[in-house]
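Chemist:
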Amino acid sequence: MRLFRMSFKAMAAVNEIQLYAEDEARAKAAAMATRDEVLRIEAKFSRYRPDSIVSRINAAAGEAPVPIDEETLGLLAFADACHENSGGLFDPTAGVLRAAWNFQVDHVPSDAELAPLLGLIGWKKVELTDTTVRLPEYGMELDFGGFGKEYAVDRAAVILKEKGFTSALVNLAGDLAILGTLDDGLPWRVGIKHPRVADAVIAQLPVSSGALATSGDYERFIEVDGVRHCHILDPRTGRSARGLRSVTVHAPTCLVAGSATTIAMLKGEREGLAWLKSLGLKHYCMLGNGEIVDRFK
Numbered sequence: 001m002r003l004f005r006m007s008f009k010a011m012a013a014v015n016e017i018q019l020y021a022e023d024e025a026r027a028k029a030a031a032m033a034t035r036d037e038v039l040r041i042e043a044k045f046s047r048y049r050p051d052s053i054v055s056r057i058n059a060a061a062g063e064a065p066v067p068i069d070e071e072t073l074g075l076l077a078f079a080d081a082c083h084e085n086s087g088g089l090f091d092p093t094a095g096v097l098r099a100a101w102n103f104q105v106d107h108v109p110s111d112a113e114l115a116p117l118l119g120l121i122g123w124k125k126v127e128l129t130d131t132t133v134r135l136p137e138y139g140m141e142l143d144f145g146g147f148g149k150e151y152a153v154d155r156a157a158v159i160l161k162e163k164g165f166t167s168a169l170v171n172l173a174g175d176l177a178i179l180g181t182l183d184d185g186l187p188w189r190v191g192i193k194h195p196r197v198a199d200a201v202i203a204q205l206p207v208s209s210g211a212l213a214t215s216g217d218y219e220r221f222i223e224v225d226g227v228r229h230c231h232i233l234d235p236r237t238g239r240s241a242r243g244l245r246s247v248t249v250h251a252p253t254c255l256v257a258g259s260a261t262t263i264a265m266l267k268g269e270r271e272g273l274a275w276l277k278s279l280g281l282k283h284y285c286m287l288g289n290g291e292i293v294d295r296f297k
């Protein structure tokens, strides 16, 4: 068996499929199938595409319900469960906060800037049925950014499994699914990016199944008056998550791993770590003071 790699661009990132196969033709066909599935999901759920279901839902805010299919309903049902399990911290309607936060400019929004946007946030306002969804207020938005990429990771892994691959790794901009071990029986080693040192890692985690996702305050951020403000925003206040620098979670699916990292970041150090522990999810975190919490073993 040989290890084959294929890189491709999707979801504003360079992504990679690694898999073991007996011949290049089979490996290439499988990798292309996973790429096509990722691109399909991007086209369907990206807020940047005017023809996506998300854009159609947002364009109809304050108007009539928008028909949805089973796949979209399934993702919205997952988001609803995350909202409940997080005490409202996971909120797919919080994307409107982008209007106030520009992480290319050193500007922290004022309370006055955030107030009208906070009034548009509220997952419980969304009218969801088995066949339609409606945003009741003009200006409200749905954003699948908190789980769309993770769903694509899971779907890519499913395709590889259906094609008979038992040793593979899907990497979409750092969100991963892992099938089996390396060809020699050892686990895959996944590097976790250092949140403060460029091109450095804080750990090499052994993984041989499931999915791995990481969130942190270093992906998109600004620093103003010595305070770091990151892109992970609290839907209750409109302001950045505080405390944890980085959270990595291992879970059966990337949807679960990714949502858990975001929720933990928003909950903060004490509550976030206690919450992850209560779920029984393996995690590896860097605290605000640089201390490492390793509950991955």
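Using UniProt numbering, the letters of the sequence shown map in sequence onto residues 1 to 297. Quick reminder that beta carbons are idealized off the backbone N, C-alpha and C, glycines included.
Assuming G210 contacts P252 under a Cβ cut-off of 8 Å, what Cβ separation, rounded to an integer in Å, is found between them?
Modeler: Along the sequence shown, read from residue 1 onward, the residue named residue 210 stands at position 210. Along the sequence shown, read from residue 1 onward, the residue named residue 252 stands at position 252. Their Cβ separation, rounded to whole angstroms, is 5 Å, which keeps G210 and P252 in contact under 8 Å.
Chemist: By Cβ distance below 7 Å, which residues in the same chain neighbour L117 in space, the five residues on each side in sequence not counted?
Modeler: The sequence position of residue 117 within the sequence shown is 117, counting from 1. Taken in chain order, the residues that qualify are V96, L97, A99, A100, G238.
Chemist: Rounded to the nearest angstrom, what separates D225 and I41 at their Cα positions?
Modeler: Taking the sequence shown and counting its residues from 1, one reaches residue 225 at position 225. Taking the sequence shown and counting its residues from 1, one reaches residue 41 at position 41. Roughly 40 Å between the two C-alpha positions.
Chemist: Between the segment 206-221 and the segment 245-263, are three or more C-beta pairs nearer than 8 Å?
Modeler: Touching, per the Cβ criterion.
Chemist: Counting C-beta neighbours from all protein chains within 10 Å, is the total for R2 16 or more, i.e. buried, or is it exposed?
Modeler: Start at 1 with the first residue of the sequence shown, and residue 2 comes out as number 2. The residue in question, R2, is exposed, as its Cβ has fewer than 16 Cβ neighbours within 10 Å.
Chemist: With a threshold of 8 Å, are at least 3 pairs of Cβ atoms found where one atom belongs to the segment 87-96 and the other to the segment 136-145?
Modeler: yes
Chemist: Given A177, which residues of its chain have a CB within under 7 Å of its CB, disregarding the five upstream and five downstream residues?
Modeler: Position 177 of the sequence shown holds residue 177. Cβ neighbours of A177 beyond the five flanking positions: V153, D154, A156, A157, V170, A211, C254.
Chemist: Three-state secondary structure (DSSP) at H194?
Modeler: Taking the first residue of the sequence shown as position 1, residue 194 is located at position 194. Coil, per DSSP.
Chemist: Suppose the cutoff is 6 Å on Cβ atoms and the five residues either side in sequence are ignored; what does the same chain contact list for Y20 look like?
Modeler: Translated into the one-based positions of the sequence shown, residue 20 becomes position 20. Counting only Cβ-Cβ distances below 6 Å, and skipping sequence neighbours, we find M1, L3, S167, D183.
Chemist: Nearest-angstrom Cα distance between L179 and A27?
Modeler: For the purposes of this step, residue 179 is taken as the residue at position 179 of the sequence shown. For the purposes of this step, residue 27 is taken as the residue at position 27 of the sequence shown. So the two alpha carbons sit approximately 15 Å from each other.
Chemist: Does the segment 125-137 come into contact with the segment 56-63, if we say contact requires no fewer than three beta-carbon pairs (one atom in each stretch) closer than 8 Å?
Modeler: yes
Chemist: Might you give, ordered along the chain, the residues of its own chain that have their beta carbon closer than 6 Å to the beta carbon of E276, omitting 5 neighbours on each side?
Modeler: Numbered from 1 along the sequence shown, position 276 holds the residue referred to as residue 276. Here residue 276 turns out to be Leu, not Glu, going by the sequence shown. If we look at L276 and ignore the five residues flanking it on each side, its Cβ neighbours are A264, H283.
Chemist: With C-beta atoms as the reference, is V207 less than 8 Å away from W188?
Modeler: Within the sequence shown, the letter at position 207 stands for residue 207. Within the sequence shown, the letter at position 188 stands for residue 188. Yes, the Cβ-Cβ distance between V207 and W188 is below 8 Å.
Chemist: Leaving out five residues on either side along the sequence, give the residues of the same chain with a beta carbon under 7 Å from the beta carbon of D294.
Modeler: Taking the sequence shown and counting its residues from 1, the one referred to as residue 294 is at position 294. These residues qualify, in order along the chain: Y284.
Chemist: Rounded to whole angstroms, what's the CA-CA distance from R196 to L273? Just pull it up for me.
Modeler: By 1-based counting over the sequence shown, the position of residue 196 is 196. By 1-based counting over the sequence shown, the position of residue 273 is 273. Roughly 20 Å separates the two Cα atoms.
Chemist: Three-state secondary structure (DSSP) at R5?
Modeler: Counting from 1 along the sequence shown, the entry for residue 5 is found at position 5. Three-state DSSP puts R5 in a strand.
Chemist: Residues in its own chain within less than 7 Å of G148 by CB, not counting five upstream and five downstream?
Modeler: Within the sequence shown, the letter at position 148 stands for residue 148. Answer for G148: I41, F45, listed in chain order.
Chemist: Based on the DSSP output, what are the partners of T132 in its beta bridges?
Modeler: The residue given as residue 132 occupies position 132 in the sequence shown. T132 is bridged to P67.
Chemist: Go ahead and label S86 buried or exposed: buried means 16 or more other beta carbons lie within 10 angstroms of its beta carbon, across all protein chains shown.
Modeler: Sequence index remark: in the sequence shown, residue 86 carries index 86 (1-based). So S86 ends up on the buried side.
Chemist: For my contact list, G185 and L244 are in at a C-beta cut-off of 8 Å; report their separation, rounded to the angstrom.
Modeler: As a first step, residue 185 must be located in the sequence shown, where it is residue number 185. As a first step, residue 244 must be located in the sequence shown, where it is residue number 244. Going by Cβ atoms, the distance from G185 to L244 rounds to 34 Å, so no, they are not a contact pair.
Chemist: Which residue from V105, R56, D234 puts its Cα closest to that of E223?
Modeler: In the sequence shown, residue 223 corresponds to position 223, counting from 1. The candidate whose alpha carbon is nearest that of E223 is V105.
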